[in-house]
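First comes the structure, then the notes that go with it.
Numbering (the numbering used here), first residue to last: 240 to 596.
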């Protein structure tokens, strides 16, 4: 072979390595991401962060990482119906269902898989907007093998006090998608609430130990008579987030049981400062002060105030369902809910009031 032909062959081989190999790697990476997403293993997709904006956006949405979902969608170079649909699902999960609802009224949006995904996203938005009845209505025709829809229904059921129904939904979701963190955490939370801490722990130890997981795990350790393990978990949470209300409450209760009343008083005093509407915090703090022979007058007054505020806001909530409810009433409800420590609910009512004439 002539030298110049050898040169062309070498250039061709180098070009193949430079161009074809990266393309093959991207294809394999995307294929693995598709497979992981089909299993609802969203962490695997997000950890790999493949060069596939739609896949990353879907995984981030399922993980409730909406900023990353939007960023991935913004990086898409070509517009498409699927990109627009995913944007609508992100908006729906954040409490803005109108775009998704418009899409599912079209023939394209009424395809079974898209309809199920949209219904679940709309329901999830209603759950986080503290409107569980609307969430259940949105899930009326969800297929029984849709893990995210089952999780949305589980969350709505918890909001309505139906923990048994939530437990069944989350268990079904875990059976369908064992790698789906939302499903497994929801199941563990229901098991802890149902007095089954041992089984709950088997699920929690398979999840990344963020504050949410650590808190439920600490409650399980307390129920299993493992106070030292629980204390370690609560300490870690409070190192990361000094004013975490639930961690302050649980550590205060644990210290109270250990009869370390001074330390318990410190945690519970901090809790009632950062969350003055938390009745449970005031009640434990009062018991702690009594054990030390200290004056409880301020606690007694705070408890009466929170109880009165709670009663008042509950009466306002009843009026909100009656004809003639207006923006003024909704603002009163929002302010009242925030006053008793229900911040997210209060903000939702204030937002609705702001949208009313």
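Glycine included, every Cβ here is placed at the ideal spot set by N, Cα and C.
Rounded separation between residue i and residue j - CA only
| i | j | result |
| --- | --- | --- |
| residue 397 | residue 366 | 10 angstroms |
| residue 296 | residue 420 | 17 angstroms |
| residue 512 | residue 466 | 26 angstroms |
| residue 507 | residue 431 | 23 angstroms |
| residue 418 | residue 299 | 15 angstroms |
| residue 262 | residue 484 | Bear in mind that the predicted position of residue 262 carries a pLDDT of just 42, short of 50, making it too unreliable to give a figure here. |
| residue 510 | residue 569 | 28 angstroms |
| residue 326 | residue 353 | 13 angstroms |
| residue 293 | residue 302 | 14 angstroms |
| residue 423 | residue 535 | 42 angstroms |
| residue 395 | residue 410 | 15 angstroms |
| residue 384 | residue 525 | 48 angstroms |
| residue 291 | residue 330 | 20 angstroms |
| residue 537 | residue 522 | 12 angstroms |
| residue 555 | residue 360 | 29 angstroms |
| residue 455 | residue 558 | 35 angstroms |
| residue 446 | residue 594 | 39 angstroms |
| residue 567 | residue 589 | 10 angstroms |
| residue 378 | residue 540 | 44 angstroms |
| residue 315 | residue 322 | 8 angstroms |
| residue 355 | residue 547 | 43 angstroms |
| residue 582 | residue 460 | 28 angstroms |
| residue 285 | residue 388 | 21 angstroms |
| residue 592 | residue 313 | 31 angstroms |
| residue 565 | residue 328 | 30 angstroms |
| residue 429 | residue 464 | 19 angstroms |
| residue 393 | residue 542 | 32 angstroms |
| residue 340 | residue 324 | 11 angstroms |
| residue 282 | residue 550 | 43 angstroms |
| residue 451 | residue 520 | 19 angstroms |
| residue 338 | residue 480 | 36 angstroms |
Proximity below 9 angstroms, CB of residue i to CB of residue j
| i | j | result |
| --- | --- | --- |
| residue 448 | residue 426 | no |
| residue 470 | residue 488 | no |
| residue 457 | residue 434 | no |
| residue 391 | residue 416 | no |
| residue 563 | residue 573 | no |
| residue 477 | residue 490 | yes |
| residue 486 | residue 580 | no |
| residue 587 | residue 334 | yes |
Classification of residue i by the beta-carbon crowding that lies within 10 angstroms, buried from 16 upward
| i | result |
| --- | --- |
| residue 332 | buried |
| residue 363 | buried |
| residue 380 | exposed |
| residue 317 | exposed |
| residue 368 | buried |
| residue 504 | buried |
| residue 517 | buried |
| residue 351 | exposed |
| residue 358 | buried |
| residue 575 | buried |
| residue 472 | buried |
| residue 229 | Here the chain covers residues 240 to 596 and nothing more, so residue 229 does not appear. |
| residue 436 | buried |
| residue 408 | buried |
| residue 349 | exposed |
| residue 382 | exposed |
| residue 280 | buried |
| residue 370 | buried |
Contact test: residue i Cβ vs the ligand HEM heavy atom, cutoff 8 angstroms
| i | result |
| --- | --- |
| residue 392 | Within the structure as shown, the ligand HEM is missing, as the structure has no ligands at all. |
message: Contact between the region 440 to 451 and the region 404 to 411 is defined here as three or more beta-carbon pairs at a separation below 8 angstroms; is this criterion met?
response: no
query: If you scan the region 499 to 526 from start to end, which runs of the alpha helix (DSSP H) of 4 or more residues do you find wholly inside it?
result: 500 to 513
message: For the structure I just gave you, are there three or more beta carbon pairs, one from the region 525 to 539 and one from the region 498 to 512, closer than 8 angstroms?
response: The count of Cβ pairs closer than 8 angstroms, one atom from the region 525 to 539 and one from the region 498 to 512, reaches three, so the stretches are in contact.
- prompt: Enumerated in chain order, which unbroken segments of the beta strand (DSSP E) with a length of 3 residues or greater are wholly contained in the region 352 to 436?
  reply: none
task: Would you mind listing the alpha helix (DSSP H) stretches within the region 292 to 322 that are 4+ residues and don't spill past its ends, in chain order?
output: 292 to 301 and 305 to 313
message: If contact is defined by three or more beta carbon pairs under 8 angstroms, each pair taking one atom from either stretch, is the region 336 to 356 in contact with the region 301 to 315?
response: Contact fails between the region 301 to 315 and the region 336 to 356, because fewer than three Cβ pairs, one in each stretch, are under 8 angstroms apart.
Length at least 4, wholly inside the region 535 to 571: the alpha helix (DSSP H) runs in chain order: 536 to 559
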